[in-house]
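A.B. asks: Take a look at the following structure, please.
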Amino acid sequence: MGNPLRPIYPKRDRAVTELPPILVWFRQDLRLADNPALHYASQQKRPIIPVYIWAPEEEGDWPPGAASRWWLHHSLNALDASLRKKKSRLILGRGPSEETLRDLMEQTGATELVWNRRYEPAIIARDKQLKQTFKSEGFAVRSFNSALLFEPDSVLTKTGTPYQVFTPFYRACLAQDEPAGPLRTPTKLPAPETFPESLDLDSFELLPTIPWDKAFYDHWTPGEAGAEAQLERFLSADPPDAPNAHHRANFIDYQERRNTPSVTGTSRMSPHLHFGEISPRAIWHAALERASALGGSDPIHGAKQYTRQLVWRDFAHQLLFHFPHTPNQPLRPAFEHFPWRDDPKQLAAWQRGNTGYPIVDAGMRELWTTGWMHNRVRMIVGSLLVKHQLISWQEGAAWFWDTLVDADLANNTLGWQWIGGCGADAAPYFRIFNPMTQGEKFDKAGEYTKRWCPELSGLSGKTLFAPWTAPSPPTDYPAPVIEHKAGRERALAAFAEMKDGQ
DNA sequence: TGAAATGTTGGGGCG
DNA sequence: ACGCCCCAACATTTC
Numbered sequence: 002m003g004n005p006l007r008p009i010y011p012k013r014d015r016a017v018t019e020l021p022p023i024l025v026w027f028r029q030d031l032r033l034a035d036n037p038a039l040h041y042a043s044q045q046k047r048p049i050i051p052v053y054i055w056a057p058e059e060e061g062d063w064p065p066g067a068a069s070r071w072w073l074h075h076s077l078n079a080l081d082a083s084l085r086k087k088k089s090r091l092i093l094g095r096g097p098s099e100e101t102l103r104d105l106m107e108q109t110g111a112t113e114l115v116w117n118r119r120y121e122p123a124i125i126a127r128d129k130q131l132k133q134t135f136k137s138e139g140f141a142v143r144s145f146n147s148a149l150l151f152e153p154d155s156v157l158t159k160t161g162t163p164y165q166v167f168t169p170f171y172r173a174c175l176a177q178d179e180p181a182g183p184l185r186t187p188t189k190l191p192a193p194e195t196f197p198e199s200l201d202l203d204s205f206e207l208l209p210t211i212p213w214d215k216a217f218y219d220h221w222t223p224g225e226a227g228a229e230a231q232l233e234r235f236l237s238a239d240p241p242d243a244p245n246a247h248h249r250a251n252f253i254d255y256q257e258r259r260n261t262p263s264v265t266g267t268s269r270m271s272p273h274l275h276f277g278e279i280s281p282r283a284i285w286h287a288a289l290e291r292a293s294a295l296g297g298s299d300p301i302h303g304a305k306q307y308t309r310q311l312v313w314r315d316f317a318h319q320l321l322f323h324f325p326h327t328p329n330q331p332l333r334p335a336f337e338h339f340p341w342r343d344d345p346k347q348l349a350a351w352q353r354g355n356t357g358y359p360i361v362d363a364g365m366r367e368l369w370t371t372g373w374m375h376n377r378v379r380m381i382v383g384s385l386l387v388k389h390q391l392i393s394w395q396e397g398a399a400w401f402w403d404t405l406v407d408a409d410l411a412n413n414t415l416g417w418q419w420i421g422g423c424g425a426d427a428a429p430y431f432r433i434f435n436p437m438t439q440g441e442k443f444d445k446a447g448e449y450t451k452r453w454c455p456e457l458s459g460l461s462g463k464t465l466f467a468p469w470t471a472p473s474p475p476t477d478y479p480a481p482v483i484e485h486k487a488g489r490e491r492a493l494a495a496f497a498e499m500k501d502g503q
């Protein structure tokens, strides 16, 4: 908002370029809108140097997987393009982060460094150390919250401990002040006299050499503009690119549509959120504002159901923050002695979508082809791996980590510990999904299953989800990795063994 | 954000 | 008319 009374000094920009610059260190906040660190920097009337540093070895046991790297490549490209529209640009560096940042500070004469926080244990440790070091060297260092609606320490039980069950956590979040509205996108990003050297994006070698990513381009548009367009598709009854106008926006019927994998009833915002191409606060307010603009109880209800899912993200992040060992170890210690099976062949069958259970194989193939899987189906495939196949949830987490474009340590850990029955607010171990029943329930017409398992196109009804019961089963589809009843009983026996073993 | 086993109830067929 | 059985439908409990 320009102040018409403020005199315009023709040399103002020149004066700004001569002041010591601020480094804005981009990490998982690859956007210009509602970006607190960038917003802060833009208010300092000093040159801004946007930086991204590729440092996978600083991510502990969890360097970005192949699908994440694909996304990152395109997202960095998009960020650089939108910075260039504002006469700025993204400077790319290679880790170690501390040395690279110090070099840049010395080279450019920058005196201040800002970033938005991350919550992975290895990153917290690195950032903490780095902040301390730079401060002791006389630099100003600031960090901001850009990724969460409510940060880990801001929502605790009455006794000051972290919540371990979602519903009370959710209630406590609703009792807080509502998340602030999104910050304005900086109109100007003052450039320094000269930008420091940048590496070429291709030197990060983020894209695959084998072209398994072909279909990714049909399903995803990484980057801030892609994120905003996707949100609009979800919130609008007439998305800009829809061939046919929907009757109602997806979010209005969210509760019902989000469990139907054959339709795009979910928001598909997860990868955009993971890379911070859009902020959860922006989504929160956009959904609720759209609902109140439409009026009536259905839109409000839909928007609340959807924003509730955003709070699951916060829940996952605060769990990871307070229980940093959980990506590798079960939250409930009893499960450390669970008798998992080591079975590379069966693991491979699961990974490639050859378990012989159609709804499972459809999901695993959707994941492999598009880098994403519908959430309902994630639960079904997870249950089969962990319970019927008796393969550890860590194996499932590792595969998802490598193949999901939305791979996120907090969400992935929560999801797998939930399905494994060993985490916070977890499904009891004996809650074993029946892969036939789940198919019949959530993919009634079999549309989703047949889309990804075309060899089953001749089947319908119950036999679609149990092809071995067909009069003449398809010859090009595998037999089940384990018979359902036997698998269920074996899982229950393993669970009993664990309980006895302590 | 299950499923299976077990228990209960009530209608209808049938001797 | 009545008791008996069967079984679907629903509820509860058990894993």
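Note that the working numbering has the first sequence beginning at 2, numbered continuously upward.
Think of the CB as a built atom: it goes at the ideal place given N, C-alpha and C, for glycine as much as any other residue.
#1: Can the beta-carbon of Trp-400 be found less than 8 Å from the beta-carbon of Gly-421?
#2: By Cβ distance below 6 Å, which residues in the same chain neighbour Asp-1 in space, the five residues on each side in sequence not counted?
#3: Among His-74, Ile-253, Ile-279, whose alpha-carbon lies nearest the alpha-carbon of Asp-35?
#4: Just to check my reading of the structure: Ala-304 and Ala-294 have Cβ atoms closer than 8 Å, yes? What is that Cβ distance to the nearest angstrom?
#5: With contact counted as at least three CB pairs below 8 Å, one residue from each stretch, are the segment 406-413 and the segment 303-323 in contact?
#6: Whose C-beta lies closer than 6 Å to the C-beta of Leu-368 among residues of the same chain, with five residues either side of it excluded?
#7: So, helix, strand or coil for Pro-11, using DSSP?
#8: So what does DSSP say about Pro-51, is it helix, strand or coil?
#9: CB-CB under 6 Å to Arg-127, same chain, minus the five flanking residues each way: which ones, in chain order?
#10: Assign Ile-420 to one of three DSSP states: helix, strand, or coil.
#11: Are Ile-23 and Glu-113 close, meaning C-beta to C-beta below 8 Å?
#12: Go ahead and pull the three-state DSSP assignment for Trp-71.
#13: Exposed or buried, which one is Lys-451 when buried takes at least 16 other CB atoms within 10 Å?
#14: How many angstroms separate the CA atom of Gly-440 from the CA atom of Pro-51?
#15: How long is the line joining the alpha carbons of Tyr-171 and Leu-93, rounded to whole angstroms?
#16: From Ala-173, Pro-474, Leu-460, Ile-301, pick the residue whose C-alpha is nearest to that of Thr-158; which is it?
#17: Using a threshold of 8 Å, state whether the C-beta atoms of Pro-262 and Val-406 are closer than that.
#18: Can you give me the C-alpha to C-alpha distance between Lys-486 and Pro-325, rounded to a whole angstrom?
#19: Quick check on DSSP: helix, strand or coil for Trp-341?
#20: On the DSSP bridge assignment, give the partners of Ile-92 in chain order.
#21: Please report how far the alpha carbon of Pro-11 lies from the alpha carbon of Glu-19, in whole angstroms.
#22: Is it the case that the Cβ atoms of Leu-77 and Leu-208 are separated by a distance below 8 Å?
#23: For Val-387 versus Ile-360, is the C-beta distance shorter than 8 Å?
#24: Restricting to runs no shorter than 4 residues, where is the alpha helix (DSSP H) found entirely within the segment 350-385?
#25: Three or more beta-carbon pairs under 8 Å between the segment 93-106 and the segment 447-461, yes or no?
#26: If you reduce the DSSP assignment to three classes, tell me which class Trp-221 lands in.
#27: Taking all protein chains shown into account, do 16 or more other C-beta atoms lie within 10 angstroms of the C-beta of Ala-181, making it buried, or fewer, making it exposed?
#28: Taking the alpha carbon of Asn-376 as the point to measure from, which residue in Ser-268, Ala-288, Pro-328 has its own alpha carbon closest?
#29: Which residue's Cα is closest to the Cα of Glu-179: Phe-151, Gly-424, Thr-188?
#30: Tell me where the beta strand (DSSP E) around Arg-28 begins and ends.
#31: Could you have a look at Ile-279 and say whether DSSP puts it in helix, strand or coil?
C.D. replies: Considering the structure as presented:
#1: Against a cut-off of 8 Å, the Cβ pair of Gly-421 and Trp-400 comes out as no contact.
#2: In the structure as shown, the chain begins at 2 and stops at 503. Residue 1 is therefore absent and cannot be evaluated.
#3: Ile-279
#4: With a Cβ gap of about 11 Å, Ala-304 and Ala-294 do not count as contacting.
#5: Counting Cβ pairs under 8 Å, three or more are found: they touch.
#6: Met-374, Thr-404
#7: Residue placement at Pro-11 cannot be trusted, given a pLDDT of 44 that sits under 50; the coordinates are not used to answer.
#8: Pro-51 falls in the strand class under three-state DSSP.
#9: Glu-59
#10: helix
#11: Against a cut-off of 8 Å, the Cβ pair of Glu-113 and Ile-23 comes out as a contact.
#12: In this structure, Trp-71 counts as helix in the three-state DSSP scheme.
#13: buried
#14: 48 Å
#15: 39 Å
#16: Selected option, being the one with the closest Cα: Ala-173.
#17: Not in contact: Pro-262 and Val-406 (Cβ atoms no closer than 8 Å).
#18: 36 Å
#19: Here Trp-341 sits in coil by DSSP.
#20: Answer is Val-52.
#21: A caution first: Pro-11 carries a pLDDT of 44, below 50, which makes its placement in the model too unreliable to give a value.
#22: no
#23: At a Cβ-Cβ threshold of 8 Å, Val-387 and Ile-360 do not count as neighbours.
#24: 359-371, 376-384
#25: no
#26: Correct three-state label for Trp-221: coil.
#27: Classification of Ala-181: exposed, given that the 10 Å Cβ count is below 16.
#28: Ser-268
#29: Phe-151
#30: Per DSSP, Arg-28 lies in no beta strand (DSSP E) and is assigned neither H nor E.
#31: Note: Ile-279 maps to coil in three-state DSSP.
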